[in-house]
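Comments concern the structure below.
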Amino acid sequence: MATKRAYIETYGCQMNISDTELMQGILAEQGYAAATSPEDADVILVNTCAIRDHAEQRVLGRVGQLQQFREGRPEVVIGVTGCMAQRMGADLLGKAGGVDLVMGPDAYRELPAKLASLRSPAPTPQAPRGLTVLRFDPHENYEGVEAKRISGLVAWVPIQRGCNYRCTYCIVPYVRGDEKNREPPQILAEVRRLVDDGVVDVTLLGQTVNSYEHGDWDFPRLLRAVARVDGIRRVRFTSPHPNDFTRELVAAMAEEPTVCAQLHLPVQSGHNRTLKRMLRRYTVEAYREKIAWVREAIPHIALSTDIIVAFPGETEEEYEATLELMREIRFDDAYLYKYSLRDGTPATRLPRDQFIPDDVAQARLQKLIATHREIQAEINRAEVGRVVEVLVEKEARRGGLQGRTESNKVVTFAGPTSLVGSFVDVRLTATSGATFSGVWTGAIERVA
Ligand code: SAH
Ligand code: SF4
Ligand code: F3S
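The numbering of the sequence shown is this note's numbering, which starts it at 583 and goes up by one.
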């Protein structure tokens, strides 16, 4: 029998990208080859996100488009996996022209078996075929699965799945279940293997990555151990929760030379009443204090955050407080969102008249984005002229090479392709506001 080919398209956060790598590993183990496009795939999977309505609408549109690849090939299987699959379940089977398989984030080990049981005949609107696998498994951490990673230089390593917080806007705990933490020896063995294979930049992943605990291991201890793996050059983590952000963690970041001077610390709102109603469990003052600790210990740290505007009931004054916090802290980067109602989350029970009209929400978002971009451009313009160390990751889309700095900023510059996989010194010559262009100084350290 000819080798089957699987194509996976990924939406959502780094956890989902990492899950796609796990699925590719599970499928490869069972003899599937990875397809680079849906045209030549026997199995087409869309690994989805449920965080906002917009993300789900995009996926439905895309699944509709993908139906064309079954024309004349009725045996092709189309599956939806991930958070939206878990949220919508069997409802997805009849959607967007036909979905054969709906699988949640805890069931990927069953992927090959379920695919095998889904052979022709092809579904028709009258007789759709379909399988759903949606159970939660409190012990599934995909231990023993060898992920098929996209890059040989940078890697995401999940250390935790699920979430124990219950932020009132958020769907994640309902589609990914409670927090479960991997065992330290397994994590460390994986990191060592990656580094032996040439990976130099590792990001530890979890929804609230710094709430990690296992036996007498907490997150700072794990971070230090990972940072000391022989040959590792850059260690990052995402996303920490401000509540679990401790002085010990700041000390580990400051003292371990391989931990990057970069921190993504989602704040969500700059007003205590909103934070409370979001059930974030910290105050603006506490957040500010933690930022002060980290800036004191690591003065050149690059900071980024997530913010939601127009949470139901957010007043103009509360929104202004968020703008003010942004001007005060001056984030290097920010992911800014308009509140999106997610069925089943606590915020949906707030009184209807508290929900903010879309034009108001949009205006709040636009102004926040404009403010952020201004600040970001100011910060980055001040960097122009400096020489920074760049890990060259790939050829840039518009020619030249592309890499990232320790602070996770993207830099493009001209140079030979042979530099991919090296650390090079680049003089920053210009910024678009968010990213940089630069000139290679000629200094190079080959690592891969
Ligand atoms: N676990 C991470 C966040 C995961 S979701 C954390 O707690 O930081 C990524 C971001 O999406 C969140 O930080 C939040 O800003 C945004 N988000 C989550 N739910 C949302 C919703 N219902 N509407 C709009 N944005 C949302
Ligand atoms: Fe969602 Fe809050 Fe958990 Fe983050 S901490 S995943 S925002 S519930
Ligand atoms: Fe989306 Fe699931 Fe990540 S909802 S943000 S893909 S955990």
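Where is the CB? At the ideal position from N, CA and C, for every residue including glycine.
heavy atom of ligand 3 below 8 Å from residue i C-beta
i	result
glycine 594	yes
threonine 602	no
threonine 785	no
glutamine 742	no
threonine 904	no
valine 754	yes
arginine 758	yes
alanine 892	no
alanine 884	no
Distance, residue j Cα to residue i Cα
i	j	result
leucine 787	cysteine 749	19 Å
glutamine 944	alanine 610	44 Å
methionine 666	aspartate 682	15 Å
phenylalanine 995	alanine 874	34 Å
threonine 1023	arginine 1009	7 Å
asparagine 825	arginine 863	7 Å
valine 849	serine 1014	26 Å
arginine 711	valine 659	10 Å
aspartate 673	aspartate 940	27 Å
isoleucine 608	alanine 616	11 Å
isoleucine 753	valine 645	22 Å
valine 684	leucine 713	6 Å
glycine 895	glycine 594	27 Å
glutamate 795	asparagine 763	7 Å
alanine 868	arginine 963	30 Å
valine 641	methionine 670	12 Å
leucine 861	glutamate 765	29 Å
Any non-hydrogen atom of ligand 4 within 8 Å of residue i CB
i	result
methionine 597	Questions concerning ligand 4 fall outside what the structure shown contains, since the ligands it does hold are ligand 1, ligand 2 and ligand 3.
Rounded Cβ spacing between residue i and residue j (contact assumed at less than 8 Å)
i	j	result
arginine 912	isoleucine 961	6 Å
arginine 986	leucine 1001	Wrong, their Cβ atoms sit about 14 Å apart, outside the cutoff.
glycine 816	valine 777	For the record, residue 816 in the displayed sequence is arginine; it is not glycine. Rounded, the Cβ-Cβ distance is 11 Å, inconsistent with contact.
leucine 831	glycine 1003	Actually they are not in contact, since the Cβ atoms of leucine 831 and glycine 1003 sit about 31 Å apart, beyond 8 Å.
glutamate 965	phenylalanine 1005	Not confirmed; about 18 Å, so no contact.
isoleucine 951	alanine 892	Not confirmed; about 13 Å, so no contact.
proline 687	glycine 661	The pair is not a contact, with the Cβ atoms about 13 Å apart (cut-off 8 Å).
valine 791	phenylalanine 801	7 Å
aspartate 622	arginine 587	6 Å
aspartate 1007	alanine 1025	4 Å
Residue i Cβ short of 8 Å to ligand 2 heavy atom set
i	result
threonine 790	yes
arginine 748	yes
histidine 823	yes
valine 849	no
cysteine 745	yes
With 16 other Cβ atoms within 10 Å as the buried cut-off, status of residue i
i	result
valine 969	exposed
threonine 897	exposed
glutamate 603	buried
lysine 976	exposed
tyrosine 917	exposed
glutamate 653	exposed
proline 694	buried
glutamine 668	buried
proline 822	buried
glycine 613	exposed
alanine 903	buried
Residue i CB to nearest heavy atom of ligand 1 below 8 Å
i	result
serine 1000	no
lysine 920	yes
isoleucine 880	no
arginine 652	no
Checklist entry - Which parts of the region 820-848 are runs of the beta strand (DSSP E), unbroken and 3 residues or longer, counting only runs that do not cross its ends? => result 844-846
Item to check | alpha helix (DSSP H) segments (min. 4 residues) lying fully within the region 752-823 | outcome: 754-758, 766-778, 801-809
Item to check | Length at least 4, wholly inside the region 662-694: the alpha helix (DSSP H) runs in chain order | outcome: 665-670
Next on the checklist: Restricting to runs no shorter than 4 residues, where is the alpha helix (DSSP H) found entirely within the region 921-984?
Outcome noted: 940-963
Item to check | Complete alpha helix (DSSP H) runs within the region 603-670 (minimum length 4 residues, chain order) | outcome: 635-648, 665-670
Item to check | Secondary structure, alpha helix (DSSP H): runs of 4+ residues fully inside the region 846-870 | outcome: 854-859
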